[in-house]
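Count along the sequence shown starting at 1, add 15, and that's the number in the working numbering. Every residue gets a Cβ at the ideal spot worked out from N, C-alpha and C, and that includes glycine. Below you'll find the structure, written out as structure tokens, and then a few comments.
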Amino acid sequence: QTHLSAPGIRLLMSLRRSSGFVRYAVSCQYHGSSFLGFVHQRNQEDQILSDGTDLRGYRSVEGRIREAFDDFLGSSTDYENIQVSSRTDRGVHALKNTFHVDILHSDSSAIKMQDEIERRLQRGLNYHLGRYVNSWHRDQPNQKRKRQRRKVPRDYTYFSDSYWARYSANDELKILSVKRAPDFMDNPYSEQDPSQPPTVDWNARFSATERTYVYRLLCYPSQDGNWSVPFEWDRSWRIRCRSMNYRAMQEAALSLEGTHDFSSFRGAKCLRKSPVVTMKSVKVHAQPYDLLGADQGFWTGSDGLDCNYPIPQLVTIRIVGNSFLYRQVRNMVGCLAQVGTGKMDPGEVKGLLEQKDRRKAPSMAPAHGLFLADVKHGDFQW
């Protein structure tokens, strides 16, 4: 919308409303390792690629959401314009991500029942998201497809039979809430370009005022390389070292707070025009890894957080900002991990910022330790 003239933008907004489309804000939660990232990849999902890569059964988050809308609304023409606030890569998890979607209401009187519509959308989408249907099932006649979708029996218990394994795989994506979006928002480009209107349609991406990411690192002291935590293989970056010097990491993190040119931590495919962004806070926290949440009852031999304790150590890095460059968070974590393992001095991080050269910075942290924890949209929360 921001690339059109002001009359063109106003015309699009009026046409959308006059045709019966209503914009909804949606928040969702997903297990990143189960998906090909958030953005829909039409020519790659659920198929064998030309180079032989087998992606059958793999979807993007948006692709699964589109399938749920198709099944719930009955037609792909009854919704349009899905736009997400934060595009997460493959393997990145989300405790809360947000997007907007325009849904067609053929009956104008139904719009007055907003609370009921929002509840039905959330429940209906979650129902269809829980009914995983691969491409083979979709190609079969309806009668055969129905036989593949047996309901869980009434006497079902979680560990009683194979149903727990069959259906638990469908819980990797959930809709948290649905709310009718505000009609308008202030146009962030109007001050730069006087030809732009002062207000535009509310947009999940451009209305986001704060994003919070959390990265989890698991440091384990095994010297033989055979020890690890199998439950954390896709929820943390597991690093084999005696300990992480989290105090040095926090000292280095202070250099990353504030407004800077983050070219040294910018991904190669970043499309943002300016590398200057603001980090509101970068905090590092460390604690003994407690597998069962039983006040360290599972592990023995530690009574604190000194640097040389022999049990696994969980280090979390919490980064808050209004916007981020492509893969900036993972590049920053890769740098802080080098500081924590003693391969870099905390003071070197400030020098990396000043050099503005990605080639001088350490390698990027893997995706599976990263969580998009929250997205805020100013006064509008749902």
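Sequence-distant residues of its chain with Cβ nearer than 8 Å to residue i (five each side left out)
i	result
Gln265	Lys298 and Val299
Glu225	Lys295, Val335, Gly336, Asn337, Asp389, Val390 and Lys391
Straight-line Cα distance separating residue j from residue i
i	j	result
Glu133	Leu191	11 Å
Gln49	Val107	Just to set this straight, residue 49 is Ser in the shown sequence, not Gln. About 10 Å.
Asn58	Glu82	15 Å
Val292	Phe87	40 Å
Phe114	His46	17 Å
Leu136	Leu144	12 Å
Asp130	Asn96	22 Å
Met128	Phe199	21 Å
Glu369	Ile332	22 Å
Met294	Gly89	43 Å
Ser177	Asn202	Here Ser177 scores only 42 on pLDDT, less than 50, and its place in the model should not be relied on; the value that follows carries that caveat. Roughly 53 Å between the two C-alpha positions.
Tyr235	Tyr304	9 Å
Gly273	Tyr261	20 Å
Gly78	Asp249	22 Å
Tyr171	Arg146	Legend: pLDDT at Tyr171 = 44, less than 50; position of this residue unreliable, no value from coordinates given.
Pro290	Arg373	12 Å
Ile63	Val76	19 Å
Pro209	Asn337	24 Å
Val116	His392	16 Å
Met259	Leu367	21 Å
Ile118	Lys288	32 Å
Gln56	Ala196	26 Å
Ile254	Thr68	29 Å
Lys375	Glu363	11 Å
Val398	Asp93	One cannot answer for residue 398 here, as it falls past the ends of the chain, which runs 16 to 397.
Val54	Asp66	21 Å
Val348	Gln207	33 Å
Cβ shell of residue i (< 6 Å), same chain only, five flanking positions each side left out
i	result
Arg220	Gln98 and Ser100
Ser91	Asp85
Lys365	Ser270
Trp252	Leu232, Ala380, Pro381 and Gly384
Arg105	Leu51 and Gly52
Member of the options whose CA lies at the smallest distance from the CA of residue i
i	options	result
Arg138	Ala109, Gly349, Lys194 and Ser258	Lys194
Asp394	Arg135, Trp217 and Gly357	Trp217
Gly357	Ile80, Ala267, Ala382 and Arg373	Ala267
Ala223	Asn112, Pro381, Pro361 and Asp360	Asn112
Cys350	Gln370, Trp397, Met294 and Phe280	Phe280
Asn141	Ile80, Gly89 and Glu272	Ile80
Arg257	Pro327, Lys189 and Glu206	Pro327
Ala109	Gln56, Glu187, Thr68 and Tyr39	Glu187
Cys285	Tyr39, Arg102, Ala40 and Asp93	Arg102
Met379	Asn337, Asp93, Ala283 and Asp201	Ala283
Gln302	Arg287, Val330 and Val348	Val330
Ser296	Arg373, Asn260 and Val335	Val335
Phe339	Ala196, Asp276 and Asp372	Asp276
Gln44	Glu206, Lys189 and Arg255	Lys189
8 Å Cβ cutoff, residue i in contact with chain D
i	result
Ala301	Note that chain D does not occur in the displayed structure, where there is just one protein chain.
Residue i, enclosing alpha helix (DSSP H) - first and last residue
i	result
Phe395	Note, Phe395: premise wrong, no alpha helix (DSSP H); not H, not E.
Glu369	Glu363 to Gln370
Met347	Gln343 to Gly355
Gly139	Gln129 to Leu144
Gln265	Tyr261 to Ala268
Phe246	Where Phe246 is concerned, there is no enclosing alpha helix (DSSP H), given that its DSSP letter is neither H nor E.
Ile80	Val76 to Leu88
Segment limits, beta strand (DSSP E) that includes residue i
i	result
Phe114	His108 to Leu119
Asp216	Thr214 to Asp216
Ala196	Neither: Ala196 is in no beta strand (DSSP E) and is coded neither H nor E.
Gly273	Gly273 to Asp276
Leu233	Glu225 to Tyr235
Ala40	Phe36 to Tyr45
Arg255	Trp252 to Arg255
Leu286	Unbroken run through Leu286: none, as it is neither H nor E.
Met294	Val291 to Pro303
Gly336	Gln328 to Gly336
Tyr94	Tyr94 to Val99
Cutoff 7 Å; reference residue i; Cβ partners in own chain excluding five residues on either side
i	result
Gln353	Met359 and Pro377
Trp397	Ala40, Ser42, Ser192 and Lys194
Ala263	Val354, Gly355 and Pro361
Lys371	Asp276, Ser278 and Ser279
Phe246	none
Indicate whether the contact test is met: 3 or more Cβ pairs, each with one atom in the region 341-357 and one in the region 207-219, closer than 8 Å. no
Determine contact between the region 224-233 and the region 380-395, defined as no fewer than three beta-carbon pairs at a distance below 8 Å. yes
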